[in-house]
Every structure is written in C-alpha cells, then in structure tokens.
Amino acid sequence: MLDSAESLPTKTPEHNDNHVGSRTDDIRTAKSANAAKLHKLHRKKLITLSYAQDEEEDMRVELKYTQRTAMLYEELYHRKEEIKELVAFHCGLTPDMVQTRIVQTYQYPSYEASEYLVDLVNSFLDHGYILMDWIGDDDVQMLSTTFSQPHTDIQIVNLYRSMSKIMLSLAKTPQPRIGTWTVDNYGRISLTNRPIFCHLHQLENWSIPTTPQTTTYTSADSFYFDLLEGHDNRLRYQANAATNESDARGQATDLVLMRALLHRFTDRHLRDGPFFMQLTDMHNSNILVDQKWNIKHVIDLELACSLPIGCLLPPFWLTGQSVDRLKDAEYERFRVEYERFVDIFEREEQNMKTPLHYSPSACMKTALISGRYWYFNALQTPKGLFNLFRQHLRSRFDKTPLPVVCEGVSAFWTRGMTTFVQ
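According to UniProt numbering, the sequence shown is numbered sequentially starting from 1.
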C-alpha cells in the first residue's frame with residue numbers, strides 16, 4: 001500500500017524493546033528530510049521511507065511480517081480439525097468437546113479452544129506449539145499498568161518479596177546443564193533445548209543466524225561465547241546494522257573487547273555450575289499483581305530456562321527505565337532500588353526452610369559494583385550491547401584514544417575487516 005502523503009507514525013516499541021532505548025546514542029544519524037515520501041502498511045502503522053531508513057531494524061524484513069502472518073493464519077484455518085484433536089489430546093477430552101473460533105488479535109485471527117490457547121512456533125504441528133491457560137482473575141492487573149504511578153513502600157516491599165520467593169523457588173533444584181526443558185511427542189520431559197531468550201527470536205525474525213535449537217551447555221563460558229556470536233552475526237547479516245565504516249569498526253571493537261574481558265566479569269569457579277531455572281522474561285508486563293502488589297500470576301513462562309547462578313539478577317526496570325538509560329542520576333536511583341531488592345532477596349533466602357547449597361544473594365550483592373550486571377545484560381540486548389559496554393564497562397579501564405583503539409582492535413574481529421566495512 002502506497003500513499004502520497006507524509007505521515008510519520010508515533011513510535012510504539014514492541015515488548016522487548018523496553019529493554020533498551022537505541023543501539024547507541026552516539027552513532028545514530030539523521031536521514032535526509034527530502035527522502036522520498038513513500039508509505040507501506042505495517043502492523044496498523046504507515047511506514048514512510050524516511051522512517052524506515054532511520055530505524056535500527058532492517059525494515060525490509062519487518063515489512064514482510066504482515067504477509068507472513070496472514071499466510072500462517074490461513075494455514076491454521078485449514079488445519080483447525082488437527083488443532084481440535086491436539087487440544088483434546090492434551091486436555092483429556094474428545095475432539096467433539098473442543099470448540100475453535102476466530103478472535104481478532106492485532107487485526108489478524110488467532111484460535112481459541114475452550115479455555116486453552118494454542119500458540120504457534122513457526123508452522124504449528126511441524127515445529128512445535130504451546131498450550132496456555134486463561135487467567136480469569138478480575139482482582140489482578142498487569143504491574144506495568146500501575147508501576148509508573150505513585151505507589152507506597154509497602155507495595156514495593158511486597159513486590160520485591162514476591163519476586164524473590166519465585167526466583168528462590170526455582171533455584172531449589174540444581175540442573176545438570178544450561179538449556180530449556182522440552183516435552184517430546186510421548187510426553188517425556190528433557191533438558192535438551194537451547195536456553196531461550198527474547199533476543200534470540202528477535203534475531204531470527206531478522207533472518208540472523210543464532211544458536212542451533214538443540215544446543216545445551218555444561219560450561220557457562222561456552223554459553224556466553226555463543227551469545228556473543230549472535231551479536232557478531234547481527235553485524236554480519238543485518239544490512240543496516242552499521243551506519244558507516246566508523247560505526248562498523250566501533251561495534252566490531254566492542255565485540256572483540258567483550259570477548260577479551262569475559263574473564264573479568266565472570267567467576268571461573270562457577271563455570272561448571274550450579275545451574276538452575278530462571279525466568280528470562282520477568283518483565284513488569286508479565287507480572288500480575290493485586291492492589292498491594294503481591295504477585296498472583298506470572299505469564300510467558302515458556303521463556304524459563306536453566307542458567308548459571310551468575311545470571312540470577314534483579315530486573316533492569318526497577319526504576320521504570322530501559323537498561324541503557326541507567327546512567328548518571330538514573331543510575332543512582334537504580335542503585336538504591338537494586339540494593340533494596342538484594343536486601344529483601346537475602347532475607348527471603350535466609351528464611352528458606354531448606355537452605356540452598358549456594359548463595360544467589362552473595363552473587364547479586366557484587367554484580368552491580370563489579371560490572372557483571374552490565375555484562376550479562378549486554379549479552380542479552382542486541383541493540384543495547386554497545387551502549388552498555390561504553391557506559392558501564394569500558395570506563396572501568398584506562399582511557400585510550402578511541403580512534404586508535406578502533407583502528408587497531410577492529411581488525412581482529414574478522415579476517416579482511418577492511419573489505420567487510422567497504
């Protein structure tokens with residue numbers, strides 16, 4: 001759909017974009033105001049050429065979502081009898097007891113079967129699916145709807161205590177490796193899938209290679225290096241990942257240094273464990289609370305996975321800011337809340353009836369000061385790694401003229417770096 005009138009849409013970031021503001025504040029460049037005023041419809045928004053050029057995502061890939069979504073739902077419509085049989089199998093029903101109906105979600109149909117929703121990964125039966133229950137509690141609300149409004153200390157304490165209890169409950173049972181639990185066609189559960197993060201799906205949606213699905217880890221370092229490989233691939237495969245040669249060399253330099261400094265921000269004594277289940281998407285939109293901010297439900301549990309103990313950290317959104325905005329005065333606000341969270345977490349850990357054989361709170365206490373908090377958040381943030389590295393990690397070392405560093409270090413990111421940036 002093309003339109004001749006210029007109409008710049010208001011930016012409405014997707015859920016996971018709340019993790020970061022922009023790729024890096026000092027590399028974004030304004031595009032010409034005289035760019036052709038072309039529009040294309042994308043997720044209920046009209047996207048102009050100038051808007052697309054200024055985005056950090058590759059909009060050529062993003063603009064295919066509308067067509068691909070329509071194709072997916074058309075396929076599901078023709079396979080609704082299979083959906084009935086599948087839901088009936090999991091719920092102990094007969095297919096005639098299952099009803100499917102089309103409901104409108106983001107202007108596209110989805111399928112609701114009784115109180116169970118079937119969510120799809122790629123193309124339904126051929127690749128996988130999720131069964132989700134419906135939360136019908138009228139006395140709860142998403143934390144994100146009230147978090148930015150005035151609230152009391154009691155609400156904060158209730159929230160932090162509830163989160164701590166959930167995190168500690170998952171940490172009771174050590175896991176043999178880093179990965180995600182899956183259920184096979186015979187109902188057997190096994191820790192045989194790669195650890196799941198939102199950013200991995202983001203990268204794959206942008207046609208950027210990531211970790212193979214069946215990859216698990218018994219070494220934390222191997223896991224961290226594979227996450228860095230995803231960042232490498234974004235620079236390699238995303239056409240607009242860098243705005244110019246200087247930007248490309250700057251990103252390459254940061255990635256080389258992130259690898260070189262891994263040992264500075266991790267504990268070698270914890271490389272081989274312990275590992276335990278953690279919620280990698282415990283965002284305030286996925287937390288449902290009562291009026292006193294006691295947590296009643298947590299959603300998006302499909303992103304839970306077994307991770308190293310060092311990854312168990314307070315969330316970045318404690319002050320309502322994206323992770324790469326936590327600097328200067330905002331950092332001080334965050335530090336206060338971080339320490340408050342850790343104090344409550346430690347008390348809950350001490351009150352556990354069965355003490356843990358390790359202390360997650362001890363790791364939390366040192367993470368912010370040591371820089372480990374920023375390092376781990378950078379690994380999980382495709383667009384924010386460079387801001388986090390430059391704001392919180394690079395500054396811990398002696399100052400060196402950046403042009404000299406970039407020219408010398410970026411050459412070691414890949415063979416033929418000069419050819420790559422050209």
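Glycine is no exception: its CB is placed at the ideal position from the N, C-alpha and C atoms.
- The C-alpha of ALA88 is placed about 8 Å away from the C-alpha of MET97.
- Leaving aside the five residues that flank THR211 on each side, the residues in its chain whose CB is nearer than 6 Å to its CB run, in chain order, ARG194, ASP226.
- By the neighbour-count definition (other C-beta atoms within 10 Å, threshold 16), ASP184 is an exposed residue.
- The beta carbon of SER219 sits closer than 7 Å to the beta carbons of ARG271, ASP272 from its chain, once the five residues preceding and following it are set aside; these are given in chain order.
- Pairwise C-beta distances place the segment 275 to 286 out of contact with the segment 336 to 346, as fewer than three of them are shorter than 8 Å.
- If you look at VAL140, you'll find it isn't in any alpha helix (DSSP H); DSSP assigns it neither H nor E.
- Per DSSP, the continuous alpha helix (DSSP H) segment holding TRP374 begins and ends at 372 to 379.
- For PHE389, no alpha helix (DSSP H) segment is defined, and its DSSP state is neither H nor E.
- Secondary-structure assignment with DSSP links VAL289 through a beta bridge to GLN141, ILE295.
- In this model, ASP221 and THR400 are separated by some 28 Å (Cα to Cα).
- TYR224 is a Cβ neighbour of LEU262, given a cutoff of 8 Å.
- Within 10 angstroms of the beta-carbon of PRO403 lie fewer than 16 other beta-carbons, which makes it exposed.
- Just so you know, the alpha carbons of ILE208 and GLU330 end up roughly 33 Å apart.
- Secondary structure at MET277: strand, using DSSP grouped into helix, strand and coil.
- DSSP, reduced to helix, strand and coil, places ASP300 outside both helices and strands of the structure shown, so it counts as coil.
- Between the segment 285 to 294 and the segment 351 to 362 there are fewer than three inter-stretch CB-CB distances shorter than 8 Å, so the stretches are not counted as touching.
- Between the C-alpha atoms of PRO315 and ASP267 there is a straight-line separation of about 21 Å.
- The beta-bridge partner set that DSSP reports for ILE189 consists of VAL183.
- The three-state secondary structure of ILE166, taken from DSSP, is helix.
- Taking 8 Å as the cut-off, the Cβ atoms of LEU228 and SER306 do not count as close.
- In this structure, the beta-carbon distance from ARG177 to PHE276 does not fall below 8 Å.
- Around the C-beta of VAL336, fewer than 16 other C-beta atoms lie within 10 Å, and the residue is accordingly described as exposed.
- The straight-line gap separating the alpha-carbon atoms of GLN350 and LEU159 is approximately 18 Å.
- With a 10 Å radius around the Cβ and a threshold of 16 neighbouring Cβ atoms, PHE341 comes out buried.
- Cβ-Cβ separation between LEU301 and ILE135: approximately 12 Å, too far for a contact (criterion under 8 Å).
- Of the candidates LYS80, ILE196, TRP181, ALA252, the residue whose Cα lies closest to the Cα of ALA411 is ALA252.
- No Cβ-Cβ contact shorter than 8 Å links PHE265 with LEU313.
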